[in-house]
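Chemist:
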């Protein structure tokens, strides 16, 4: 190579390519959101390798339809599961909610690759690689989130992974932080600033992290259309540290990986909070948390070393917090549909009615305070199971912060001279594709913010109307009832569980 001729003592690392690609699949336009899952076998290797880069491979014409792509490791829990995964690996995949794939949520939940719209991929630092081993994970799942726009189409997109037998010093890992996508996340309409927070509690990091902790070297944030700011807060023993990552110009169409010039050390017992700030001023109806593009989400992925078994560290608001934020003191039991028992002025009204008629203009500050100070239920997952069984049955309060972090106490990069990773300095051109176009943490997005058409397709079943005037003018009652009945079913199950505990 040219590099080798000019610098004989330097040698391009041996690299291989692994393509996890959909193969001319038909994506149905019958639904506005489609999740497609495809199982792949690991590369045929005899020794341990390190993945050092991944990048999107998007079919021309599909870029606007793909919201995100994920690659998960699938746990080998038993021979029956391995046989099922092996059989699925010979197919072109299915919608994630169909057939046996719908049962793989806990099995294939350890993130290897997280790609969001606008990102050009990730190159790991020179000392870090993601491990692929001959005696480790056998199967991987590609998940692609399509926004169909009501039109069917064919797609052959996916992820390319560059890997090498020349091992780096550290094994990398990825942990998903934030809010579990769930209807309990409520985004009121006509507000310029709404805050939602997801917690990774200290009990989880204490159980999952080694005594020396982990070193976070990169982050990627993920929201849907309304997201404007995302921050990962870091709390240790009552003191709030410098944020692990902070994006004050978050853009849904440009959610790039951000590399940290200095890794952040996270220790056992540290509490991490993912704060997502939204702007719903152009939206006339309430938005729920969920997986669909028209729903909202609040997630961050941290890239770190050394690798641990922690996969997911999320939370979701407790039912008590949701009800309190809506001014509901108690629900009546045994009613169909679910009705409010207290306060007196709401007695006999349905939960659906309350959501439709809540006075967001007058009560927003009360709502926001209730959601910020209310209790939440944490989630702490590893491959195929929860790390702390009793954790998900507990309700936590926001941690007490005795020493707040002051933003002006730390100097931030202002887009000046940026360090280039050692890998990039050694390699110029060639075909090994280790060049990175990631952003630095603290670097502002340069892409201009565009006005977003918040309801491209007019699906009233996703955005719930707020007041009676809107109900009369534009409410598709059948569509809403179909959507809300799903939530009522989940709510009924939660109420039954609460009654058992009482």
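In the working numbering, the protein residues as written are 1 to 502. Glycine residues also receive a C-beta, built at the ideal position from the N, C-alpha and C atoms. Computed from a prediction, not measured in an experiment: that's the story for all the values here.
(1) Restricting to Cα atoms, I'd like to know which of 341, 238 and 87 is closest to residue 403.
(2) For residue 157 and residue 66, I'd like the C-alpha separation in whole angstroms.
(3) Is it buried or exposed, residue 110, if we count other Cβ atoms within 10 angstroms and call 16 or more buried?
(4) Quick check: the Cα distance between residue 20 and residue 161, rounded to an integer number of angstroms?
(5) Going by DSSP, name the residue or residues bridged to residue 198.
(6) Check whether the region 320–327 touches the region 198–207, taking contact to mean three or more Cβ pairs, one atom from each stretch, closer than 8 Å.
(7) Suppose only complete runs of 3+ residues qualify. What are the beta strand (DSSP E) ranges in the region 15–59, listed by chain order?
(8) Is it buried or exposed for residue 536, if we count other Cβ within 10 angstroms and need 16 for buried?
(9) Report the CB separation of residue 113 from residue 57 in whole angstroms; it is logged as a contact under 8 Å.
(10) Return yes when the Cβ of residue 306 is within less than 8 Å of the Cβ of residue 214, no when it is not.
(11) Does the separation of the CB atoms of residue 108 and residue 196 fall below 8 Å?
(12) How many angstroms separate the CA atom of residue 92 from the CA atom of residue 154?
(13) Determine the closest residue to residue 83 out of 121, 119, 41 and 45, with distance taken between C-alpha atoms.
(14) In terms of residue numbering, what span does the beta strand (DSSP E) encompassing residue 507 cover?
(15) Only counting the same chain, and skipping five residues up and downstream in sequence, which positions put a Cβ closer than 8 Å to that of residue 89?
(16) Is DSSP giving residue 307 helix, strand or coil here?
(17) Return the chain-ordered list of same chain residues with a C-beta closer than 7 Å to the C-beta of residue 127, the five sequence neighbours on each side being excluded.
(18) Can you give me the C-alpha to C-alpha distance between residue 98 and residue 184, rounded to a whole angstrom?
(19) The ligand FAD and residue 80: does the residue's C-beta get closer than 7 Å to at least one heavy atom of that ligand?
(20) For the candidate residues 381, 179 and 259, whose alpha-carbon lies nearest to that of residue 122?
(21) Where does residue 142 fall in DSSP's three states?
(22) Please classify residue 334 as buried or exposed, where buried requires at least 16 other C-beta atoms within 10 Å of its C-beta.
(23) When DSSP builds the beta bridges, which residues end up paired with residue 316?
(24) Within a Cβ cutoff of 6 Å, which residues of the same chain sit near residue 230, ignoring the five residues on either side of it in sequence?
(25) Does any residue of chain C have a CB that is nearer than 8 Å to the CB of residue 98?
(26) Between residue 236 and the rest of its own chain, which residues show a CB-CB distance below 6 Å, the 5 nearest in sequence each way excluded?
(27) Under DSSP, the beta strand (DSSP E) around residue 155 begins and ends at which residues?
(28) Which word fits residue 383, buried or exposed, when buried means at least 16 other C-beta atoms lie within 10 angstroms of its C-beta?
(29) Assuming residue 308 contacts residue 173 under a Cβ cut-off of 8 Å, what Cβ separation, rounded to an integer in Å, is found between them?
(30) Quick one: residues in its chain with C-beta nearer than 6 Å to the C-beta of residue 244, no 5 flanking neighbours on either side, listed in chain order?
(31) Should residue 102 be labelled buried (16 or more other beta-carbon atoms within 10 Å of its own) or exposed?
(32) Take residue 318 and list the residues in its own chain whose beta-carbon comes closer than 7 Å to its own, dropping the five residues that flank it on each side.
(33) In the structure shown, what three-state DSSP assignment does residue 212 receive?
(34) Per DSSP, which one or two residues make a beta bridge with residue 113?
(35) By how many angstroms is the C-alpha of residue 134 removed from the C-alpha of residue 62?
Modeler: According to the structure data:
(1) 238
(2) 9 Å
(3) It counts as buried.
(4) Residue 20 and residue 161 have their C-alpha atoms roughly 8 Å apart.
(5) 274
(6) The region 198–207 and the region 320–327 do not touch, with fewer than three beta-carbon pairs separated by less than 8 Å.
(7) Within the region 15–59, the complete beta strand (DSSP E) runs of at least 3 residues are 16–21, 25–27, 33–41 and 49–57.
(8) Because the chain here runs from 1 to 502, residue 536 falls outside it and cannot be looked at.
(9) The Cβ separation is near 12 Å, so there is no contact.
(10) yes
(11) Contact: no.
(12) 12 Å
(13) 41
(14) The structure shown has nothing for residue 507, since the chain only spans 1 to 502.
(15) Excluding sequence neighbours, residue 89 sits near 39, 40, 41 and 139.
(16) In the three-state DSSP reduction, residue 307 falls in the coil class, being neither helix nor strand.
(17) Within the same chain, residue 127 has close Cβ partners 168, 169 and 170.
(18) 25 Å
(19) Although the ligand FAD was asked about, the structure shown includes no ligands whatsoever.
(20) 259
(21) strand
(22) When all chains shown are included, residue 334 counts as exposed.
(23) 377
(24) 221, 247, 250 and 276
(25) This model lacks chain C altogether, as it is built from one protein chain only.
(26) 270
(27) 153–155
(28) buried
(29) Right, the Cβ-Cβ distance comes to about 6 Å (below 8 Å), so this counts as a contact.
(30) 216, 232, 234 and 264
(31) exposed
(32) 374, 375, 376, 377 and 395
(33) Collapsing the DSSP output to three states places residue 212 in coil.
(34) 71
(35) 34 Å
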